[in-house]
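Participant: Going down the list, the protein sequences come from chains A and B. Each residue of the first sequence is one higher than the one before, starting from 155 at the first, in this note's numbering. Each residue of the second sequence is one higher than the one before, starting from 155 at the first, in this note's numbering.
2 protein chains.
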Amino acid sequence: MRTERVRSWWGWGWEDAAIGEAERAGLLARLPPHWVADELPVPRVADLELRTPRVDAPESVRPICTVHPHVRAAHTYGKAYRDVIRALRGDLGVAPDVVAYPETEAQIVEILDWAGDANVAVIPYGGGSSVVGGIEYRGDVHAGVLSLDLTRMDRVLEVDRTSRAALIQAGALGPVLESQLAPHGYTLRHFPQSFEFSTLGGWLATRAGGHFAMRHTHIDDFVEALRVVSPSGISQTRRLPASGAGPSPDRLFLGSEGTLGVITQAWVRLQDRPVHKASRAISFGDFAVGLDAVRAIAQSGLDPSNCRLLDEAEAAINAGRADGRAVLVLGFESADHPVDTALVRALEIAAEHGGSVDAKSTQDSVGDWRTAFLRMPYVRDALARSGVIVETFETACTWDAAVRVCDEIRDGVRAATAEICGEPGLVTGRVTHVYPDGVAPYFTVIARARRGGEVQMWDQIKAAASDILSGLGASITHHHAVGRDHLRWYEAQRPDPYGEVLRAAKHSLDPRGVLNPGVLFA
Amino acid sequence: MRTERVRSWWGWGWEDAAIGEAERAGLLARLPPHWVADELPVPRVADLELRTPRVDAPESVRPICTVHPHVRAAHTYGKAYRDVIRALRGDLGVAPDVVAYPETEAQIVEILDWAGDANVAVIPYGGGSSVVGGIEYRGDVHAGVLSLDLTRMDRVLEVDRTSRAALIQAGALGPVLESQLAPHGYTLRHFPQSFEFSTLGGWLATRAGGHFAMRHTHIDDFVEALRVVSPSGISQTRRLPASGAGPSPDRLFLGSEGTLGVITQAWVRLQDRPVHKASRAISFGDFAVGLDAVRAIAQSGLDPSNCRLLDEAEAAINAGRADGRAVLVLGFESADHPVDTALVRALEIAAEHGGSVDAKSTQDSVGDWRTAFLRMPYVRDALARSGVIVETFETACTWDAAVRVCDEIRDGVRAATAEICGEPGLVTGRVTHVYPDGVAPYFTVIARARRGGEVQMWDQIKAAASDILSGLGASITHHHAVGRDHLRWYEAQRPDPYGEVLRAAKHSLDPRGVLNPGVLFA
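(1) Asp251 (chain B): which of B:Pro278, B:Ser317, B:Arg306, B:Pro223 sits nearest, CA to CA?
(2) Under a CB-based cut-off of 7 Å, is Ile615 (chain A) close to chain B?
(3) At a CB distance below 8 Å, what residues from the stretch 386-397 of chain B approach chain A? Give them in sequence order.
(4) Who are the neighbours of Trp357 (chain B) on chain A, taking C-beta pairs under 8 Å?
(5) Using the Cβ count rule (16 or more neighbours within 10 Å means buried), how would you classify Ser333 (chain B)?
(6) Report yes or no: is there a C-beta of chain B within less than 7 Å of the C-beta of Thr549 (chain A)?
(7) Using the three-state DSSP reduction, which class does Ala254 (chain A) fall into: helix, strand or coil?
(8) Keeping to the same chain, check which residues put their C-beta closer than 6 Å to that of Val313 (chain B); ignore five residues upstream and five downstream.
(9) Helix or strand or just coil, what does DSSP make of Val160 (chain A)?
(10) So which residues of chain B does Thr552 (chain A) contact, with C-beta pairs closer than 9 Å?
(11) Buried or exposed for Thr546 (chain A), please, with buried defined as at least 16 other CB atoms from any protein chain shown within 10 angstroms of its CB.
(12) Quick one: what's got a C-beta closer than 6 Å to Tyr255 (chain A)'s C-beta in the same chain, skipping five residues either side?
(13) Going by beta-carbon coordinates alone, are Ala473 (chain B) and Gly444 (chain B) separated by less than 7 Å?
(14) Using a cut-off of 7 Å between C-beta atoms, extract the partners of Ile630 (chain A) located in chain B.
(15) Bridge partners of His587 (chain A), per DSSP?
(16) Whose Cβ in chain A lies nearer than 9 Å to the Cβ of Ser348 (chain B)?
(17) Determine, using beta carbons only, whether Gly232 (chain B) and Ile289 (chain B) come nearer to each other than 7 Å.
(18) Bridge partners of Lys431 (chain A), per DSSP?
(19) Mind checking which residues open and close the beta strand (DSSP E) that includes Gly566 (chain B)?
(20) Can Leu408 (chain A) and Arg343 (chain A) be called in contact, C-beta distance under 7 Å?
(21) Could you spell out where the beta strand (DSSP E) holding Gly667 (chain B) opens and where it closes?
(22) Quick check on Arg226 (chain A) - is its C-beta less than 7 Å from some C-beta in chain B?
(23) Please report the Cβ distance between Gly572 (chain A) and Gln614 (chain A), rounded to the nearest whole angstrom; I am assuming they are in contact, meaning their Cβ atoms lie under 8 Å.
(24) Does any residue of chain B bring its CB to less than 7 Å from the CB of Arg361 (chain A)?
(25) Counting only Cβ pairs nearer than 8 Å, list the residues of chain A close to His634 (chain B).
(26) Hey, would you say the C-beta of Asp591 (chain A) is under 6 Å away from at least one heavy atom of the ligand ADP?
(27) Where do the ends of the beta strand (DSSP E) carrying Ser301 (chain B) lie?
(28) Can you give me the Cβ contacts of Gln367 (chain A) inside the same chain, cut-off strictly under 7 Å, excluding the 5 residues immediately before and after it?
(29) Please list the segments of the beta strand (DSSP E) lying wholly inside the stretch 390-462 of chain B, counting only runs of 3 or more residues, in order along the chain.
(30) Taking the alpha helix (DSSP H) that Ala200 (chain B) belongs to, which residues open and close that run?
(31) Let me check understanding here. Comparing Cα to Cα, which of A:Cys560, A:Met530, A:Ser389 lies closest to Asp440 (chain A)?
(32) Can you check whether the C-beta of Glu654 (chain A) is within less than 7 Å of a C-beta belonging to chain B?
(33) Tell me the rounded alpha-carbon separation between Pro590 (chain B) and Ser454 (chain B).
(34) Using a Cβ-Cβ cut-off of less than 8 Å, give me the residues of the stretch 472-492 of chain B that come near chain A, in sequence order.
(35) For Asp446 (chain A) and Asp375 (chain B), what's the separation of their Cα atoms in angstroms?
(36) So which residues on chain B does Gln647 (chain A) lean against when the C-beta distance must stay under 7 Å?
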């Protein structure tokens with residue numbers, strides 16, 4: 155008998171992987187006791203009040219559509235804190251009327267044609283892991299909403315061993331595509347935190363950031379060619395390692411977040427599985443000193459595959475350190491040649507910049523961090539249910555602005571939570587990706603929620619953090635995308651004439667405005 | 155007394171660097187004697203028949219405009235073979251009416267406003283090194299033509315040492331910007347063949363390919379932020395090391411070839427000057443064997459900075475080899491750490507794939523090649539004057555297609571020249587840039603011209619080569635851009651819905667259609 159694991163409809167991941175009673179108690183014990191509220195219960199799907207579907211998919215695609223309440227509920231929101239809270243409260247007024255699971259491109263074309271005629275919003279769902287309101291309908295001008303779930307289009311269609319590339323359908327979740335590449339000895343090696351619950355198409359549409367601290371950071375750089383179905387037609391780009399022929403067509407669709415077309419498949423660059431690996435944990439007196447070392451390493455041309463700097467608080471919470479030092483997890487890997495020399499040189503640079511190689515064994519620090527990293531969304535859900543706001547912000551900025559951005563976010567979010575939540579929250583920081591000319595800092599805030607006011611409080615904290623980033627000229631997002639939650643600040647970041655170009659592109663590709671309305675465009 | 159070097163108005167480079175009598179005789183001696191015709195004389199500028207300027211720049215910018223015949227003649231064409239021939243024949247009917255040398259962005263805005271009102275085509279000139287008809291007006295619907303030469307806007311405005319980046323005005327020619335970066339200890343290290351005679355803005359607008367065989371190949375990857383003046387307004391993108399906020403605005407302007415706006419300045423990533431260098435020449439039994447070795451090196455993650463494979467004919471002509479072998483010039487460099495280990499491993503891979511390290515000293519092979527490389531455009535001009543067609547084609551394709559693309563281009567162009575020129579030309583090939591998933595091959599054709607029919611013959615050869623590339627799904631260009639000469643094949647390469655998007659972008663940014671009409675859009 156085969157038992158399938160069940161995805162949570164209201165929160166992160168697998169139902170059977172949710173935080174259990176004992177683990178929850180342990181987590182809560184580390185918080186100020188007055189922060190902890192009674193646990194929000196998970197509503198039964200049968201008790202959810204979902205409105206009667208307002209629209210009917212056309213007969214020809216009805217077999218691949220469903221109006222099942224569990225499916226509709228699960229496709230209503232992404233996985234931000236505000237999404238989880240609303241789902242737990244049964245606030246599912248914007249649930250899609252129907253969820254479609256196309257198996258062919260022709261079905262997608264049919265759905266888009268029908269949606270245009272019937273004025274139905276179509277929301278490409280990806281893996282549903284958006285934390286920026288990317289898959290939630292918030293408008294009021296459409297006759298209905300269809301959530302387009304491509305996870306049945308999840309095949310690796312072709313592997314080109316000579317060019318080390320594969321043609322993969324966009325609906326493949328991370329593990330699904332990796333398991334098909336493994337027998338060929340290849341890997342895509344794109345491991346965002348959401349890896350298990352996000353798709354190739356979602357990564358492409360949101361310019362996702364993966365495993366690598368340097369170089370192959372964004373999925374953008376893995377792309378040889380895209381195939382995109384828009385209401386106005388199908389764009390198939392040519393499979394090329396590089397091109398100088400006009401503005402890159404792929405780069406228009408990368409980051410288009412389902413507003414310009416549905417990415418159905420892509421030729422992507424693969425890698426051989428690494429066989430040479432070397433890593434170390436290095437500690438620093440404080441985060442700013444660590445940042446300096448990381449900058450020097452990032453500018454050395456050594457290109458570590460892993461280069462995550464955790465600030466003091468983050469190191470304490472997620473890497474089990476109690477010495478108040480910042481920690482850098484540094485790793486090199488190669489499928490071709492030993493990487494020890496590179497690691498030795500990087501450690502030298504770190505030492506020149508005040509770092510000391512961790513006495514604690516590398517494997518422990520790295521392992522602790524990795525486990526904590528993948529568990530984090532489950533922890534977030536457990537805390538959310540118990541009255542604690544947990545949220546993350548991320549950005550990118552040039553090195554000259556790095557310390558200021560980190561300091562101002564930390565201070566500003568602490569101040570904002572003091573005002574919004576009645577007492578300052580805990581703000582921790584880390585560096586997830588580095589570049590020769592800059593860095594992608596990532597922050598977590600944990601604060602006390604007021605029951606019933608969680609979503610509003612979250613919105614206020616988000617606004618405070620986003621205003622700070624925007625004011626400093628940092629990006630509103632490095633790899634979480636824009637969605638609906640970042641729209642206001644994205645509009646400030648995007649040059650106006652370019653905004654008009656995007657609008658024109660939208661009008662050209664999706665003239666009836668059915669694709670993910672509200673994302674990227676107000 | 156300071157003597158300024160004078161740029162050739164009709165051909166490549168400096169007048170004083172042109173091929174002299176003795177060198178010319180040596181070149182011609184290597185060709186079949188019946189290919190050589192009487193040398194076309196260079197017309198005196200005073201004898202050129204340029205039409206009377208049809209339009210007058212507005213008073214406010216008149217001081218930065220000129221109608222001097224020498225300047226107008228020099229701004230009429232790029233530097234393709236067909237350009238040189240037409241210039242030598244005094245065929246300058248499409249000369250711009252006026253050439254403007256703006257010193258401020260305000261002047262550019264003024265010129266664009268006036269051009270829109272007066273229906274004057276504005277052609278951003280860059281350094282004038284286009285080989286694809288990128289700066290030549292071919293239309294008939296405009297009241298006049300203004301060539302916009304930004305070389306007076308050539309300053310490095312700011313250097314950010316922390317982020318290792320600089321804000322540079324777009325009109326800076328290669329040596330001009332490098333000489334300003336040198337005192338800071340930095341370099342942009344973007345060295346296309348046209349380096350001396352092309353500008354940062356031209357590189358950005360055409361997605362130029364530089365020095366590096368891998369990684370920092372295209373100027374695209376050097377860009378932090380752009381500032382672009384379009385008739386509809388100014389786009390200033392945010393200075394970021396990376397971003398996931400919507401489709402990249404920079405990537406729309408990169409490759410827009412002056413059709414969507416005038417790039418006025420850019421924040422670009424710099425590099426420390428390399429201090430560790432190692433290189434070798436390796437020879438192979440034939441080009442296909444060499445390609446296999448290059449592929450293995452490109453997929454190793456070693457990232458050589460130089461990895462140029464010359465085929466047998468190219469090695470004979472330009473690297474002074476007489477043994478009929480293909481030659482790989484392989485180099486590593488770093489500002490931080492020794493690169494010997496990387497070179498040793500790369501040589502190991504090359505040996506595993508049938509390569510033998512050249513007995514001839516590296517420095518000679520590399521030096522011979524480099525000198526020949528930079529001399530090539532001067533040689534081309536000398537041959538062009540003496541009745542020989544010399545032209546280059548370049549492309550990019552995935553590795554699985556590499557051998558076929560190279561073979562078909564070689565055979566196809568040889569067959570085309572046999573038909574067009576009455577006897578087959580000499581076709582040589584090399585690899586200029588490599589990627590883990592593909593390669594950029596580059597071909598030179600030398601063939602016998604028929605006096606008076608040169609341009610038509612060139613067009614026919616170009617069409618034959620381009621049809622082959624297009625039919626094989628290779629890019630119509632890897633780094634020479636689209637211009638006017640590649641337009642037909644570019645349109646086939648560009649997905650139709652994306653073509654409509656670009657048209658919409660053009661209409662949005664340049665509603666009166668004055669910017670470089672005829673490029674990218676028919």
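All C-beta atoms in this analysis are idealised placements derived from N, C-alpha and C, irrespective of residue type, glycine included.
Facilitator: Judging by the given coordinates:
(1) B:Pro223
(2) no
(3) Ser386, Gly387, Ile388, Ser389, Gln390, Thr391, Arg392, Arg393, Leu394, Pro395, Ala396, Ser397
(4) Here the premise fails: no neighbours, minimum Cβ distance about 10 Å.
(5) exposed
(6) no
(7) strand
(8) Ala320, His338
(9) coil
(10) Asp314, Thr316, Ser317, Ala319, Glu378, Arg393, Leu394, Pro395, Trp421
(11) buried
(12) Ile218, Asp303, Arg306
(13) no
(14) Ala399
(15) A:Ala594
(16) Those within 9 Å of Ser348 (chain B) in chain A number zero; the least Cβ separation is about 13 Å.
(17) yes
(18) A:Glu487
(19) Here Gly566 (chain B) belongs to no beta strand (DSSP E); instead the alpha helix (DSSP H) covers 553-575.
(20) no
(21) Run containing Gly667 (chain B): none; DSSP gives neither H nor E here.
(22) no
(23) Before going on, a small fix: residue 572 (chain A) reads as Ala here, not Gly. The Cβ separation is near 12 Å, so there is no contact.
(24) yes
(25) Gly398
(26) This structure lacks the ligand ADP, and indeed carries no ligand of any kind.
(27) 298-302
(28) Correcting the residue identity first, residue 367 (chain A) is Ala in this sequence and not Gln. Answer for Ala367 (chain A): Pro458, Ser459, Asn460, Cys461, Arg462, His587, Val588, listed in chain order.
(29) 416-423, 430-438
(30) Premise fails: Ala200 (chain B) is in no alpha helix (DSSP H) and is neither H nor E.
(31) A:Cys560
(32) yes
(33) 8 Å
(34) Ser488, Ala489, Asp490, His491
(35) 24 Å
(36) Arg392, Ala399
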